[in-house]
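Data first, discussion second: the structure below is written as structure tokens.
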């Protein structure tokens with residue numbers, strides 16, 4: 012779990028670095044070694060978009076795989092209160108409709 016948060020901090024730091032350093036004048040420094048020449052003008056937008064997409068996928072994975080077990084544990088601990096709330100709601104609905 013610590014590695015996941017360290018990766019997110021690294022991605023956030025890379026995003027901040029890209030936002031600061033990838034301006035219209037400094038965008039040549041990324042592809043100098045690859046020999047690609049002058050990159051597209053909106054390269055920083057695409058880099059930040061890819062980083063944001065990776066963060067959304069990571070958070071979606073946490074929600075999809077972590078939330079059901081968390082809710083299961085919570086429901087097991089509060090099952091009696093859930094039945095009391097559901098029964099009270101049914102009684103209130105019955106009295107409201109009379």
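In the working numbering, the protein residues as written are 12 to 109.
Glycine is no exception: its CB is placed at the ideal position from the N, C-alpha and C atoms.
Item                                                                                   : Value
Among 29, 99, 57 and 62, the one whose alpha carbon lies nearest that of residue 19    : 62
Buried/exposed call for residue 91, threshold 16 Cβ in 10 Å                            : exposed
Three-way DSSP call (helix, strand, coil) for residue 109 in this model                : coil
Distance between beta carbons of residue 23 and residue 58, contact taken as under 8 Å : Actually they do not touch by this definition, with Cβ atoms about 13 Å apart.
Helix, strand or coil at residue 53 according to DSSP, with G and I counted as helix   : coil
Beta carbon of residue 93 nearer than 8 Å to that of residue 86                        : yes
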